[in-house]
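Going by the numbering used here, the first residue of the sequence shown is number 4, and it counts up by one from there.
Beta carbons are placed, not taken as given, at the ideal position from N, Cα and C, and that holds for glycine.
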Amino acid sequence: MNRMVSRLCACLVAFFLFAALCGGMVARAADGFDYNYTYTYDYWGDERQSPDAYRTSAMLSSVSLGLETPMRTPRGLTVSGNDIYIVDTGNNRILQVARDGENFTLTRVISEISGDITPNTLSAPQDVFVMADGTLFIADTNNNRILKADRNLNLLSVFTRPTDATFDQSMAFLPTKLVCDTTGRVFCLAQNVNRGLMKYEADGTFTGFIGASEVKYTWYELVWRLLSTKEQRAQQASFVPTEYNNIALDSEGFFFVTTQTFNSNELTSGAAKPVRRLNAIGTNILIENGTSHVIGDLQWARGDTNITNSGPSKFVDVTVLDNDIYSVMDKTHNRIFTYDKQGNLLWAFGGVGNMDGYFLNPVALEHQGYDLLVLDSQDCCVTVLTPTEYGKLVYKATEQYHAGEYAASADTWREVMKRNGNYDLAYIGIGRALLQQKQYKEACDYFAMARDSRNYSEAFRYYRSEWVEQNIGWIFGIVAVLLVVPMVIGHIRKIKWEVDNA
């Protein structure tokens, strides 16, 4: 009898466990994504699971767009208003897709430009930039040129290889990425060019490079360079300056660039700068006030680098929202890392795979409003990611703070804390809001909980000054008492001595 009861209990336990597991699987399947692939890092550099900040809302594939010829190795992606431009490199064309809410419609296939130019067809284009008036700038890579055309695809001008001594005339001009500022100046990256961004004036005149990095040598490299032959020095990759692999413009006209040229040992020290914000003269002005540097994953396998998806994060693209929050695409682990203007990591998500929110070979990252768009060159599709309520709250709190709405920002951060009690940035956000409201003691408490020593020191300095101002009367009173009482006692003793000896 006891054996039968035991078996029955075991069966019931197994049934309930299976039901719970199935329930969880159904919940994930109904929503279309895994709830546990978003994380951040705490003060100690340990991963902490986080509510999802984004979810997959659409997939733009050859089938969904109704293409007769499927996309092949697409390499570029850009957004202009409601239009999405996919650079279908393998098919020598650009796909223009119009967005209307959750509906996406292919409106135009761009494969040639009208005008006095030979050839007038595109050849392996890798990028496109579209201005507000519809003017297109196309990196027509294998034709060794950048094309400027109006919204009706009529040729306006051609940017070609520089003819001055600053550019090696034996090297082909292979533009890969480009942006254009409001004055019409073009800034591009070209294959095998490691001198920074190439700058063209609006009339097509090449005016030089900006943002080139200094070459740094170790003592070993310096000695080796002195002893090596000319041929050996020419073959040493370690003496090659930084080569940027992508570029984006922020709302203030500064350049965000990414690079994979760094020594992984320099990441933790902050010497390596895989993401940079360049001003007009090429100086890196990216702010890194977070608890860690802007390097993506803080933990990675340091063993066999031949293993797929091992090693530190290597960024392939960056996009900057209008609120100065920026996201970078990591090609090592196929993850997206999002940072605020101060360099605090808001969240990281993604991974290697073909499920929603995962990628096989991400090559481009863009934004449309708050949505993020990821181009996968292997899967030949664009994944559209939309913020969840949690992600919207973080954006809202950040924007309220920068707008000077400190009380509202603190309230919103408290809503974030209800959803993620392990989120250090929520404590810091509340502390910064309280600091602006001159509630210094309360701000110190929140900074202490987040172990934010920099902001804590600032808040404590104000709190100390405020305390002194509020208690200055007592302070002077105590000092006065401490000074006067000994004098009175001494005077009394003197009088008593004189009386006793009279």
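task = May I ask which residues mark the beginning and end of the beta strand (DSSP E) holding G353?
result = 348-353
key: Cutoff 8 Å: R154 Cβ touching any chain D Cβ   = Of the protein chains in this structure there is only one, and it is not chain D.
query = In terms of residues, what are the limits of the beta strand (DSSP E) holding M452?
reply = No beta strand (DSSP E) holds M452; the alpha helix (DSSP H) holding it covers 443-452.
query = Are the CB atoms of F258 and L281 nearer to each other than 8 Å?
reply = yes
ask   = Leaving out the 5 sequence neighbours to the left and right, which residues in its chain are closer than 7 Å to A215 when beta-carbon positions are compared?
value = R198, G199, P244, G285
ask   = Which of helix, strand or coil does DSSP assign to E402?
value = helix
message = Taking the alpha-carbon of T121 as reference, which of V502, N146, E105, V131 has the nearest alpha-carbon?
response = N146
query = Does the stretch 451-470 come within contact of the stretch 74-86, defined as at least 3 CB pairs closer than 8 Å?
reply = no
task = With DSSP collapsed to three states, give me the class of R31.
result = Low confidence applies here, because R31 scores a pLDDT of 37, under 50, leaving its location unreliable; read the following figure in that light. Correct three-state label for R31: helix.
request  = Over the uninterrupted beta strand (DSSP E) stretch that includes D130, give me the two end residues.
outcome  = 130-133
message = Here's the rule: buried if 16 or more other CB atoms are within 10 angstroms of the residue's CB, otherwise exposed. What is G35?
response = Note that G35 scores a pLDDT of 38, beneath 50, so its modelled location is shaky; the value from the coordinates is reported in the next line. Under this definition G35 is an exposed residue.
query = Helix or strand or just coil, what does DSSP make of T210?
reply = strand
message = Once DSSP output is grouped into helix, strand and coil, what is the label at I492?
response = helix
message = Here's a check: name, in chain order, each residue in its chain whose Cβ is nearer than 6 Å to the Cβ of E246, leaving out the five neighbours to either side.
response = N197, T264
request  = Going by CA-CA distance only, name the one from N364, N326, Y373, L378 that's closest to E1.
outcome  = Lying outside 4 to 505, the shown extent of the chain, residue 1 is not represented and no answer is given.
request  = Using DSSP bridges, identify the partner residues of S160.
outcome  = K151
task = Given a cut-off of 8 Å, decide if D333 and S316 are closer than it, judged by their beta-carbon atoms.
result = yes
key: Extent of the continuous alpha helix (DSSP H) run through K421   = 409-422
task = Below 8 Å CB to CB, which residues in the same chain sit around I328 once its five sequence neighbours on both sides are set aside?
result = T341, Y342, D343, K344, L349, Y398, T401
request  = Taking D427 as part of the alpha helix (DSSP H), name the residues at either end of that continuous run.
outcome  = 427-439
message = Going by beta-carbon coordinates alone, are L156 and I113 separated by less than 8 Å?
response = yes
ask   = To the nearest whole angstrom, what separates the beta carbons of N423 and P54, a pair I think is in contact under 8 Å?
value = 6 Å
ask   = Straight-line CA distance for S60 to L376?
value = 10 Å
inquiry  = Below 8 Å on the Cβ atoms is my contact criterion, and I expect L181 with F212 to pass it. Report the Cβ-Cβ distance as a whole number of Å.
reply    = In fact, because the Cβ distance is near 14 Å, the residues do not count as touching under 8 Å.
key: Sequence-distant residues of its chain with Cβ nearer than 7 Å to S380 (five each side left out)   = T76, P77, R78, N364, V366
ask   = What residues match up with P178 in a beta bridge as DSSP calls it?
value = A193
task = State the Cα-Cα distance for the pair V319 and E369, rounded to the nearest angstrom.
result = 12 Å
message = In the DSSP output, what is M332 paired with across the bridge?
response = D320, I339
key: Cβ distance (whole Å) where T72 is taken to contact N106 below 8 Å   = Incorrect: roughly 23 Å between the Cβ atoms, too far for contact.
ask   = Looking only at its own chain, which residues have a Cβ that is under 8 Å from the Cβ of V161, when we skip the five neighbours before and after it?
value = I120, R148, I149, L150, K151, G207
request  = Under 8 Å Cβ to Cβ from L396, same chain only, skipping five residues before and after it: list those, please.
outcome  = T415, E418, V419, R422
message = Taking the alpha-carbon of D91 as reference, which of Y42, G137, T144 has the nearest alpha-carbon?
response = T144
query = If we ignore side chains and look at the alpha-carbon of each, how far apart do D136 and K441 end up?
reply = 46 Å
task = Rank H296, Y373, C191 by C-alpha distance to the C-alpha of T271 and give the top, closest one.
result = H296
message = Quick check: what's the CA-CA separation for V487 versus I481?
response = 10 Å
request  = Return the CA-CA distance between T185 and A251, expressed in angstroms with no decimal places.
outcome  = 14 Å
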